[in-house]
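Asker:
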Amino acid sequence: MPPTSSKRTPSRTTSAAHPASGAPGVSGAPRVDFDPADDHTALYLALVEAPSVTRDELVVRGFDAEYVERVMDSFVHRGLARQSAVGAWEATPPDIALPAFASRLEEYASTIRASTAAITRTYASRLGDKPAPSGYDRLAGEEEIGAASQQVMALASQRVIGVRKNTAYTRYLFDRPMDIHRKPLRNERGVALEVRLTLETATLRYPRAAEVLPAHLRSGEQHRYLPFLPFSALVNDRGMAVVDIDGPNGEALGLLISTPEATLAIDNAVQWAWRQASPWQIGDTGHTLEPRDRRVLELLAAGATDSTIARRLGVSQRTVERRVRDLMQRVGAETRFQAGVLAAKSGLI
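Here the sequence shown stands for residues 1 to 349, numbered as in the UniProt record's numbering.
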């Protein structure tokens, strides 16, 4: 996170706290803390100091080329910068980009805090051979997780939402016979269910993805995608949830949860994932945009208001409002900010 800071020269000094093998700006795993003196800040300051900056210019200043590409991609994804040419970038105005980025971090932090108590209980329940506390049933293996998932679906009233990570159980699901994937989404009373799933993009690379995912869409599921999810879960509107993860040896492990506090926390996390995710279809080939519409979406992703966009593009605010409505409908967004985010994740900007 790039805070306001005085100009500094990127440091390459190693220490016990920042060993060379993990130092930012050097090939290897980047440091992921929020040290105000780290190289992410130095790189961001180098970006905002000039109208445009190139990879070669940053390499001359002491940054590693691979590191520059990786972090600049991250800045673009977060709305802090835009790519002006191959190997060249310019900063999104900080008065727009930084408050919007801070708001997204605050929303994510709030979701994590809301989930802490439930996840802590989950962690504690797997220690030793003690029985799980009331409201938590441990699940071992794909068959038990599958039975619990069917129970969550069967006892739902009208809605089931979920996230599907690339886990052992998810891979097991994709390998099931196709007639299972074609089944209507109904509860035990035969009522059709609304089912929304956010899937990890890794599932798109499964050998049977092109066959399985469309079958689920035809059965009524709604899908969106995120690059990373922390776990898999299904939550119904009757206060039940099933969570699955990979165990230490890659085995499928899970919990069936029926305590209100825990299911609410999981529901909040799943809802947050859906809002952040991007719609996508098997076989999508991408789209094109007029340069002005692309710029509108870039500014929306950065959190700009209609009046700000109108000033920057030299058009009337009425024109901007009309274009924003059209673009929101085009990318399937529910909010202005989501339109920019979905456009970025769909490769439109």
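Here a beta-carbon is modelled for each residue, glycine too, at the ideal position from N, C-alpha and C.
1) Can you look up Gly146 in the DSSP assignment and give me helix, strand or coil?
2) Provide the residue span of the alpha helix (DSSP H) that contains Tyr169, from first to last.
3) In the DSSP assignment, what residue or residues form a beta bridge with Ser232?
4) Just to confirm my understanding: we take Ile96, look at its own chain, exclude 5 residues before and 5 after, and list those with CB closer than 6 Å. What are they?
5) When you compare only the Cα positions, how much space is there between Gly239 and Gly340?
6) Using the beta-carbon count (16 or more within 10 Å), is Val195 buried or exposed?
7) May I ask you to report which of helix, strand or coil DSSP gives Val195?
8) Can you list, in chain order, the residues of its chain with a C-beta nearer than 6 Å to that of Glu211? Leave out the 5 residues immediately preceding and following it.
9) Please say whether Asp244 and Tyr169 have beta carbons closer to each other than 8 Å?
10) In three-state terms, what does DSSP make of Asp64?
11) Helix, strand or coil: how does DSSP classify Leu299 here?
12) Can you tell me the Cα-Cα spacing of Met178 and Gly146, whole angstroms?
13) For Asn268, tell me which candidate among Ala85, Leu253, Val320, Asp237 has the shortest Cα-Cα distance.
14) State yes or no: is the C-beta of Phe63 nearer than 7 Å to some heavy atom of the ligand FAD?
15) In whole angstroms, what separates the C-alpha of residue 359 from that of Arg138?
16) Does the stretch 59–77 touch the stretch 42–50, meaning 3 or more C-beta pairs lie closer than 8 Å?
17) Can you give the beta carbon distance from Val320 to Asp306, rounded, assuming they're within the 8 Å contact cut?
18) Count Cβ pairs between the stretch 252–266 and the stretch 174–189 that sit closer than 8 Å; are there 3 or more?
19) By how many angstroms is the C-alpha of Leu193 removed from the C-alpha of Ile112?
20) For a test of the three-state rule: what should DSSP assign to Leu256, helix, strand or coil?
21) Using a Cβ distance threshold of 8 Å, determine whether the stretch 206–221 contacts the stretch 141–157, with at least three qualifying pairs required.
22) Taking DSSP as the reference, what is the three-state secondary structure of Ala310?
23) Return the chain-ordered list of same chain residues with a C-beta closer than 6 Å to the C-beta of Ile119, the five sequence neighbours on each side being excluded.
24) Need the endpoints of the alpha helix (DSSP H) that Val212 sits in, please.
25) Would you kindly report the start and end of the unbroken beta strand (DSSP E) that includes Asp137?
26) Whole angstroms are fine: how far does the CA of Tyr225 sit from the CA of Tyr172?
27) Hey, quick one: how far does the alpha helix (DSSP H) through Asp179 stretch, first residue to last?
28) Give me whichever residues DSSP pairs with Ser278 in a beta bridge.
Answerer: Reading off the structure:
1) helix
2) 168–174
3) Asp244
4) Ala302, Gly303, Ala304
5) 33 Å
6) buried
7) strand
8) none
9) yes
10) coil
11) helix
12) 16 Å
13) Asp237
14) Ligands displayed in this structure: none; no statement on the ligand FAD is therefore possible.
15) The structure shown does not extend to residue 359, since the chain spans only 1 to 349, so no value can be given for it.
16) yes
17) 5 Å
18) no
19) 28 Å
20) strand
21) no
22) helix
23) none
24) 209–218
25) 136–140
26) 19 Å
27) 178–181
28) Tyr225
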